[in-house]
Structure formats: C-alpha cells, structure tokens
C-alpha cells in the first residue's frame, strides 16, 4: 500500500516537473543537469543502489534495435555492457592507466600494448611520434615523425624525424638522433647515430656514420663508408669504402674510393690513400700533426721508437728502405745492399768493410760521384752524361748552385715517375707543366697563406703588394673601421679579403680612385665571415665577387 502511495505521489508530481525527475526521501530538488536524479543520502540506515537490468548474453544480443548508450548487466560475461550504436561493448572491468601513473602493477601479467598482431602507434600533438611494428616488419620508432613514411623492415628510428622518409624497401637501418637518416628512402644496412648523421642519404648502402652531421651528404650511391666524429665525411657524396675517423675529417672530393683520413681535421684527397693527422693550411688545420709509433711525444712528422722495416721487393737487396740494428746496416734505394757497386745508397756499419771503415757512404767508387769536402765546407754532386755534359749541384759560400757546366739545359724536378716542376733554359718556371709559357706557369691550384691583421683605427692602411689573402678584424666601439687598400703590384693581381671581426664590429672597403668600388655609395661593408675578391687593373682595385655570410 505504501509503495502504491509513493507511486501516486510521484505520478502526481510529474506534470509539475519542468525537465527532470528526482527520487529521494527528503523532497530535495533534482539536479538541473539530470533527467533522473536518484539521491539516497537522506535514507536512514543502510543505503541502497540502482539495480541495472540483468540479462544473459543471448538475451542481450536479442534486444531489438537497442538504443545507443543502452546499459545492461551481462550475467554470462559477468560485467556491464553498453550499446555503442554498432555493437555491445563491455565497460572496463579493470583499472585504467591514469595520467599520474598506476601503483600495484604486476609486470608479469600487466602491460601497455596489443594482444593481437597489430602495431602499437604513439602520437604527440596528433603527430606520429613512434610505433612498435608487429612481425614480420619488426621496426621501432620513437620521436616526432620518426620513421613516419614507413620505417622499412627491422629498422630503428629514434629522434625527431629520424628515418622519416624510409620506405618499405629500406632494411636493417638504425637511425639515432634528430633527423638522422632522414632522407634515406631506399638504402639498407646503414647505421647513422647523431643529429643529422646521414641526413641526406637517399640510396646509400651499408654505411656507418657516428657523430653530428657525420656522412650527412651521402646523397648518391655511397657504399660501405665509415665516419666517426662531428662533421666527419660531410663533403663525401657518392664515394665507397672510405673511412674518416676524427673531428671534421674530409675527403677533398665528393667521390673517392678506399680513402682513409685519421685524426681531427685530417683530409685525404685521392682514392686508395691513407692520411694520418691534420696538415696546416688544409681543412681548417693550423698545425701539422706528427705521427708517433712507440712514443707519446713524436719529434718529427713520423717518429718511430724501435725497429722499422720498409721493404720494396722480395728480398732485402731490393729494399726501398731497410734498417736493422742487430746487423748495423741500412739500405736505401733499388737493389741497394746487393753489392757496393750496385747500391743506390748503402750505409754500412761493422757488418760490411768494403767502404774502407766501420761507417761509410758508398756509391760506386767513394769520392767518384758523390764527394764531401769537410775542409772547405762544401758539398758537390757531379754527374757526366753520355754526351759529355756535366750536371752539378754545389753547396758553397755563395749558396746552392744547380745546373749544367757549359750548355743550357732544363732543370727538372721528378717525383713518382713523372716530372713535377722544371726551370727551362730561359729561366721560366713551370709547375705541373713541361712547357712554361710565362715566367711562372702553374698548371693547377695555388694556395695562399692569409695575412692576419686587425684594423684599430679608421683609415687603417693595408699593403697588398706581396699578398693574395687577408683576414682582417677590427676593434673599438661596435661599428665599422675603414680600411685603406694600397696599390697592387701589377695588373691582374688578385686579392681576397675575409672579415674576422666579431661583437658587432666590421670593416669598410671605401670608394676611392685606388680602392674597390661596390656595395653602396660608401663602399663595401663586411661583417664576420663576409668575404670579397678584387683584381688590380693597374689603376685601382675592382671588386669581382662578394660573399655575404
């Protein structure tokens, strides 16, 4: 009877409710956001809950046209299910992963991931930021857009945009570092570690680059290269089987083969060659390295402590250089050591007495073709040709004199089986040419050592008569120091000026009858790392190039 009375009271109240219904014992108003507000807080004694309809799985699936969000308790599965508009979906029966983390987890049974053969993907700011690919792909990526295109097979991409454009054709690549291997679309078996390592290598194969920007421009068919160090091999594009070990090792060409550079700023510029250490004036190096074997403090370019063997043939008699301290002798040159007469140069100790004493220099007949005169402090080398002419080299009080005794002949400098320089009979000098056409004829590049100066006042004078390259800084309150160029030595003289000023300072090459014209009404302004090239036309300096860096 009491339940009927409650029903009548509720039924009578329904027309009076605006949009919602409240069920309670104290007459409190239902919350305006709820259509149905059940409040049991005022019930005295034991509280009660809301009982959701209980159905079996078969009964749940038999509900005709269920409404989206319809809720039931599936007694077969033992949990709550709701209809999501398409299928019946269970409510989570376990704790979710909280934003602040979970406690009491069991790593033996609990995990974050999938239970089927599907990849696990991650996003940050709705951008692809990593994945773990299922078999058979088995690639892993971590970082914004890392491996975003595909990631290839068995690939590892860690870092923002690492391996971003690798396609399915890429296999067994490892990229670690921001943009490492970014453009390597189809290459395989590469390992790039470091920011921008191998960044522009779309087709390279089996390369290893470790260090920031190491091997970053292998943009062709680079194969089997190894670079270790910041910027190591940065200038190589299509070479194969090259090795660069050390900070900023270079190769002098975009396509070398089997070349090796070892040491900070070491540079090798030809294939099938090994360069140990830096060379002053090359690749930014200011000091030439010394190589030591058996010593920590080499005193020369190549310093060996201990025995050394340089072998030029199949026996010691054909040695290019042979030294053995256990027999006290040293041979230099082809066939040296076979006999006193056949030796190119033979230095004998106690093991050979044919030179006439325990220490000697023997070439054919001692005193015949090589002669030392200690009394007059002279050295004379004289050789007679089959034509009867005599070539001499003499060191005396006048100086070093080289030439022919009676006729005009060329003086040739030969190395590696070929002529490298000559002075012809008219006095013209040719470098890498056998027919010098001018007083100095150079076939190839010429390197100029820069003169380093600092402009300390406006109108600072620069004398370029014997220079080709100036590095000019400036001092004082941040601003530009005017530099006054002197006249050139001859028409056609080239002059390169590089500004090394820092801290807001610079230099100004101003307009004047004897100075360069360009860069504005007041001349060319240069700031740090800017450079310009000028030519002396016989009257004034004329600007022919400018680089704004």
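Numbering (our numbering), first residue to last: 4 to 552. Ideal Cβ placement from N, Cα and C applies to all residues, glycine included. Remember, predicted model here, so these are calculated numbers, not experimental data.
{"Asked": "Assign residue 238 to buried or exposed, taking buried as 16 or more other Cβ atoms, counted over all protein chains shown, within 10 Å of its Cβ.", "Found": "buried"}
{"Asked": "Counting pairs of Cβ atoms below 8 Å between the stretch 453-466 and the stretch 408-422, do you hit three or more?", "Found": "no"}
{"Asked": "Hey, out of 261, 546, 231 and 217, whose CA is closest to residue 244's CA?", "Found": "261"}
{"Asked": "Give me the residue from 270, 132 and 510 with the minimum Cα distance to residue 255.", "Found": "270"}
{"Asked": "Measuring CB to CB, does residue 147 end up less than 7 Å from residue 160?", "Found": "no"}
{"Asked": "By DSSP's criteria, residue 251 is part of a beta bridge. Which residues make up the other side?", "Found": "In the DSSP output, where bridge partners are listed per residue, residue 251 has none listed."}
{"Asked": "Between the Cα of residue 150 and the Cα atoms of 128, 412, 173 and 212, which residue gives the shortest distance?", "Found": "173"}
{"Asked": "Is it the case that the Cβ atoms of residue 470 and residue 510 are separated by a distance below 7 Å?", "Found": "no"}
{"Asked": "Take the Cβ of residue 212 as the centre, count every other Cβ of all protein chains shown within 10 Å, and call the residue buried at 16 or more, exposed below.", "Found": "buried"}
{"Asked": "I'd like the ranges of any beta strand (DSSP E) spanning at least 3 consecutive residues and lying wholly in the stretch 158-182.", "Found": "159-161 and 177-179"}
{"Asked": "Rounded to whole angstroms, what is the Cα-Cα separation between residue 47 and residue 93?", "Found": "34 Å"}
{"Asked": "If we call anything under 7 Å between Cβ atoms a contact, is residue 203 one with residue 222?", "Found": "yes"}
{"Asked": "Short of 8 Å in beta carbon distance, which residues of its chain neighbour residue 157, apart from the five on each side in sequence? Order them along the chain.", "Found": "140, 141, 142, 174 and 175"}
{"Asked": "For the candidate residues 505, 309 and 103, whose alpha-carbon lies nearest to that of residue 531?", "Found": "505"}
{"Asked": "Nearest CA to the CA of residue 55: which residue from 453, 85 and 277?", "Found": "85"}
{"Asked": "Give the range of the alpha helix (DSSP H) segment to which residue 62 is assigned.", "Found": "60-64"}
{"Asked": "Label residue 513 either buried or exposed according to how many other C-beta atoms from any shown protein chain fall within 10 Å of its C-beta, with 16 as the threshold for buried.", "Found": "buried"}
{"Asked": "Assign residue 423 to one of three DSSP states: helix, strand, or coil.", "Found": "strand"}
{"Asked": "My output table needs one value for residue 476: the three-state DSSP class, helix, strand or coil.", "Found": "strand"}
{"Asked": "For residue 291, which three-state DSSP category applies?", "Found": "coil"}
{"Asked": "Provide the residue(s) that pair with residue 196 in DSSP beta bridges, ordered along the chain.", "Found": "179 and 213"}
{"Asked": "Can you grab the Cα-Cα spacing for the pair residue 501 / residue 533, in whole Å?", "Found": "6 Å"}
{"Asked": "Using the Cα positions of residue 486 and residue 538, report the straight-line distance between them to the nearest angstrom.", "Found": "17 Å"}
{"Asked": "Between which two residues does the beta strand (DSSP E) holding residue 306 run?", "Found": "305-307"}
{"Asked": "Enumerated in chain order, which unbroken segments of the beta strand (DSSP E) with a length of 3 residues or greater are wholly contained in the stretch 85-134?", "Found": "91-93 and 123-127"}
{"Asked": "If you count every other CB in all the chains shown that lies within 10 Å of the CB of residue 87, and 16 or more means buried, which is it?", "Found": "exposed"}
{"Asked": "Of the residues 101, 163 and 287, which one's Cα is nearest the Cα of residue 126?", "Found": "163"}
{"Asked": "Once DSSP output is grouped into helix, strand and coil, what is the label at residue 550?", "Found": "strand"}
{"Asked": "Drop a sphere of 10 angstroms on the beta-carbon of residue 439, count the other beta-carbons inside from all chains shown, and report buried for 16 or more, exposed for fewer.", "Found": "buried"}
{"Asked": "Quick check: the Cα distance between residue 63 and residue 75, rounded to an integer number of angstroms?", "Found": "8 Å"}
{"Asked": "Nearest to residue 294 by alpha carbon, out of 280, 284, 236 and 287?", "Found": "280"}
{"Asked": "Along the chain, where does the beta strand (DSSP E) containing residue 535 start, and where does it finish?", "Found": "534-539"}
{"Asked": "Report yes if the CB atom of residue 229 is closer than 7 Å to the CB atom of residue 246, and no otherwise.", "Found": "yes"}
{"Asked": "Would you tell me roughly how many angstroms separate the C-alpha atoms of residue 363 and residue 284, rounded to the nearest one?", "Found": "Because the pLDDT of residue 363 is 38, which lies under 50, any placement of that residue in the model is unreliable, and the question is left without a value."}
{"Asked": "Which residues bound the beta strand (DSSP E) around residue 40?", "Found": "39-41"}
{"Asked": "Cβ of residue 36 less than 7 Å from any chain C Cβ?", "Found": "In the structure shown, chain C cannot be found, because there is only a single protein chain."}
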